[in-house]
Amino acid sequence: METTTTKRKKIAIIGTVGVPANYGGFETLAEHLVVNLSEKHDITIYCSGKKYKAKQRQKYYKGARLKYLPLQANGIQSIPYDTLSIFHSLFYADILLILGVAGAWLLPFIRLFTNKKIIISIDGIEWKRDKWNILAKWYLFWAEGLAVKYSHIDISDNEAIQDYTAARYGSLSRIIEYGADHTIHVPVSEEAINNYPFITQPYAFKVCRIEPENNIHLILEAFSQTNKMPLVIVGNWDKSKYGTDLKAKFSTHPNIRLFDPIYDQQKLDLLRSNAALYIHGHSAGGTNPSLVEAMSLGLPIIAYGVSYNKVTTENRALYFLNQEELINHINNIYTAKLIKMRTELREIAQRKYNWLNITFKYELLIEEVLSTATKNNALPSTARLSYKQLLKTGLAHLKTSNFF
Amino acid sequence: MFLLLIMGILDDKYDIRASLKLSIQLILSHFVFSHGIRIESLYGIFGINELPFYAQYVLTIIVITGVVNAFNLMDGLDGLAGGLAILSFLIMAVVAFLSKQFYLALILVTYVGSLVGFLLFNLSNERKIFMGDAGSLSIGFLLITSCIKLFQATSTAPHLPALKIGIISVLIVPVFDALRVFRKRIKAGKSPFEADKTHLHHLFLSIGIKHKLTAVIILSIVATITCAGYIVFAFTGITISISFMLILFYSVTSLLNFHNKINQWRNHIKKIETEN
Chain F
26 METTTTKRKK IAIIGTVGVP ANYGGFETLA EHLVVNLSEK HDITIYCSGK KYKAKQRQKY
86 YKGARLKYLP LQANGIQSIP YDTLSIFHSL FYADILLILG VAGAWLLPFI RLFTNKKIII
146 SIDGIEWKRD KWNILAKWYL FWAEGLAVKY SHIDISDNEA IQDYTAARYG SLSRIIEYGA
206 DHTIHVPVSE EAINNYPFIT QPYAFKVCRI EPENNIHLIL EAFSQTNKMP LVIVGNWDKS
266 KYGTDLKAKF STHPNIRLFD PIYDQQKLDL LRSNAALYIH GHSAGGTNPS LVEAMSLGLP
326 IIAYGVSYNK VTTENRALYF LNQEELINHI NNIYTAKLIK MRTELREIAQ RKYNWLNITF
386 KYELLIEEVL STATKNNALP STARLSYKQL LKTGLAHLKT SNFF
Chain H
452 MFLLLIMGIL DDKYDIRASL KLSIQLILSH FVFSHGIRIE SLYGIFGINE LPFYAQYVLT
512 IIVITGVVNA FNLMDGLDGL AGGLAILSFL IMAVVAFLSK QFYLALILVT YVGSLVGFLL
572 FNLSNERKIF MGDAGSLSIG FLLITSCIKL FQATSTAPHL PALKIGIISV LIVPVFDALR
632 VFRKRIKAGK SPFEADKTHL HHLFLSIGIK HKLTAVIILS IVATITCAGY IVFAFTGITI
692 SISFMLILFY SVTSLLNFHN KINQWRNHIK KIETEN
């Protein structure tokens, strides 16, 4: 990778909980962007004062400047959080890198009155997710429209989402996924065996937020009906009724172990990297960081058969759409298949989902955004010609091309 | 008033050609006009007052014919046209009473009574009856002619200008819904009379709200617009109140359209997500 020769620019990263990363995909991304890009550009990251108490706060972190806001970065407060961050950044930044569409209502004004460049990542298709109430869905649907129309470049993390934005807006979204090579193989120690006695035998593993759209109930039911290997799930069970109900129902089952959230990266990777199988039930949200991390660790994967997961794993994993299919896979899986999946999925992760690669893609986007004026159209220019004229020249079929 | 019966019965018995129906309506409007019920002035809306004679004639004919048909378009759900008629007639009856048009008030109240009886059957399951074109056209006709008459009557009782708000508010939903739908069809290149599912009650149905609930919601929208109109009128003039009521109406329809768009995209995405 050749070094690029852009001048030093001021970049503001907006919409994450903050760094040091301890929350989710966007935060890990922000951290790696800082590590890899802060030598070339001046980066400022906006962090949530609610998650970083006064004692933990720093002025600088790995070369990036940190600014704290007294608001939550997620939920309803994300709207003022993003808005204030964007507004503050207008005073010094050249490029705004916005993660999430909560502050998108400001974008038309920014385009109209300033010459700041905007790169926005629209996350998964947020407005569709069941966890939001109707007002939130309306706002997010509208905000997503603004985000795509008024940004210079918009990023989706999955091809399936790129298809959707092309269908809805006719514009070309860029695909940049997540890296996963921050996860490590942790060898099993004496202490580990004491804490987790199942760790010396094959077991299936899953780590995720406990939400209905992650199909945890389906997975728990399936594993309670098989006894090929135990299932270990790490997640925030006590955060919702859905979680507490499932915990009450399944925690005593001999084949199932449920754990509360593990924030220590080492401890989590200990359980994760020594598993024999990874189950991924996510049905939404584009490219899930937990999935690419599992791929990077070389775990064989059985994933929910939604288009995003298939694209992420390049169709090389096993897929299920209901309980029967999952049970079938669990019962019929054999060693050769497991080994084949491990190698193939790890190869994909090493090729695509490494942070050096991902941050380099961002670097290229930064260079590109400094020179573009308008957004790329997903449809060819022939789509804009008048129908009557095309009819006369015998080329009317150009109007009705089906590209997707 | 007696002319109503003739037209209605004729229409439902034989399926009359649209142009013939239209000509009958125009003739009836002419009769109404020649009996003295006419739109004489705009009473200060948009600053216009007394109208010249030809304008009065043309405007009266167009408005009567328009509202009669607009009301007919509202008859798309059980209980909707009936409920709307009851609500409108009640408001009009109050206005009539307060402007000393007792004969008209009596007629309106009688109609309310018969409509209640009608609704009893219309909303039931086993003994269902419909009002048909006869019903909706004649009710629309009664509605608009009473409106015009009351406009004339309230202008002679200048201490009750607020009554005009009531009259207008009952007309806003049918008329502007029809106009909105026509505009949308014309913009899409189709004939404005070509049937599609974009009227107000269709929008509610397509988000998944059941029939009876839709009727109730639409009636409450009319009631809300009326109240809002009165409140705004207490602080400002007639033009602003009318504009405000229109804005309210259009916000409701925009929101419904928006929600429909969300549902369409959600289905589209579901298809993309689960295809191979």
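Line by line, the protein sequences are chains F and H. Just so we're aligned: the first sequence equals residues 26 to 429 in the numbering used here. Just so we're aligned: the second sequence equals residues 452 to 727 in the numbering used here. Where is the CB? At the ideal position from N, CA and C, for every residue including glycine.
Chain H within 8 angstroms of residue i, Cβ atoms only
i	result
methionine 26(F)	Its pLDDT being 48, under 50, methionine 26(F) is placed unreliably in this model, and the value from its coordinates should be taken loosely. No, no contact with chain H.
tryptophan 152(F)	yes
valine 336(F)	no
serine 332(F)	yes
methionine 193(F)	The sequence given here has arginine at residue 193(F), not methionine. Interface residue, yes.
Residues that residue i contacts on chain H, provided the C-beta gap is smaller than 7 angstroms
i	result
tyrosine 189(F)	Ile720, Ile723
Chain-ordered chain F contacts of residue i [CB-CB under 7 angstroms]
i	result
arginine 631(H)	Those do not exist, as arginine 631(H) stays about 21 angstroms from chain F at its closest Cβ, beyond 7 angstroms.
beta-carbon residue i near the ligand MG non-hydrogen atom, thresh 7 angstroms
i	result
valine 259(F)	Absence of the ligand MG from the depicted structure is noted, as is the absence of any ligand whatsoever, leaving it without description.
Partner residues on chain F for residue i, Cβ-Cβ distance less than 8 angstroms
i	result
isoleucine 713(H)	Trp152, Lys162, Trp163, Phe166
phenylalanine 655(H)	Correct list: empty, because the minimum Cβ distance to chain F is about 15 angstroms.
arginine 717(H)	Lys153
Residue from the options whose Cα sits closest to the Cα of residue i
i	options	result
leucine 810(H)	Leu524(H), Gln552(H), Gly530(H), Ile558(H)	Only positions 452 to 727 of chain H appear in this structure, which leaves residue 810(H) out of reach.
phenylalanine 248(F)	Lys231(F), Lys264(F), Glu238(F)	Lys231(F)
lysine 272(F)	Lys253(F), Ile241(F), Gln291(F)	Ile241(F)
tryptophan 163(F)	Arg90(F), Val126(F), Arg297(F)	Val126(F)
isoleucine 39(F)	Gln102(F), Tyr85(F), Leu62(F), Tyr106(F)	Tyr106(F)
leucine 94(F)	Leu109(F), Tyr86(F), Ile209(F)	Leu109(F)
phenylalanine 695(H)	Thr677(H), Leu593(H), Cys598(H)	Thr677(H)
valine 213(F)	Leu293(F), Ile201(F), His177(F), Ile180(F)	Leu293(F)
lysine 386(F)	Arg154(F), Phe166(F), Ile159(F), Ile180(F)	Ile180(F)
glutamine 507(H)	Ser480(H), Asp526(H), Ala521(H)	Ser480(H)
leucine 654(H)	Val632(H), Thr675(H), Pro643(H)	Val632(H)
arginine 371(F)	Ile101(F), Gln226(F), Leu324(F)	Leu324(F)
phenylalanine 581(H)	Ile558(H), Ala532(H), Arg634(H), Ser539(H)	Ala532(H)
asparagine 379(F)	Ala319(F), Leu346(F), Thr418(F)	Ala319(F)
Contacts that residue i makes with chain H (C-beta to C-beta distance below 8 angstroms)
i	result
alanine 185(F)	Ile723, Glu724
Proximal chain F residues relative to residue i, where beta-carbon distance stays under 9 angstroms
i	result
arginine 489(H)	By Cβ distance, chain F contributes nothing, its closest Cβ being about 45 angstroms from arginine 489(H), past 9 angstroms.
phenylalanine 745(H)	Chain H is shown only over 452 to 727; residue 745(H) falls outside these bounds and no answer can be derived.
DSSP bridge partner residues for residue i (one or two, in chain order)
i	result
lysine 142(F)	Ile120(F)
lysine 35(F)	Asp67(F)
lysine 413(F)	Looking at the DSSP assignment, lysine 413(F) forms no beta bridge with any residue, so it has no partner.
alanine 431(F)	There is simply no residue 431(F) to check, as chain F begins at 26 and stops at 429 in what is shown.
leucine 293(F)	In DSSP, leucine 293(F) forms no bridge with anything.
isoleucine 178(F)	Ile144(F)
cysteine 72(F)	Tyr93(F)
alanine 229(F)	Leu256(F), Leu302(F)
isoleucine 200(F)	Ser181(F)
tyrosine 86(F)	Ala89(F)
Residue-chain proximity (residue i, chain A), Cβ-Cβ < 8 angstroms
i	result
alanine 685(H)	No chain A appears in this structure, whose protein chains are F and H.
is_contact[residue i, chain F] using C-beta, thresh 8 angstroms
i	result
leucine 471(H)	no
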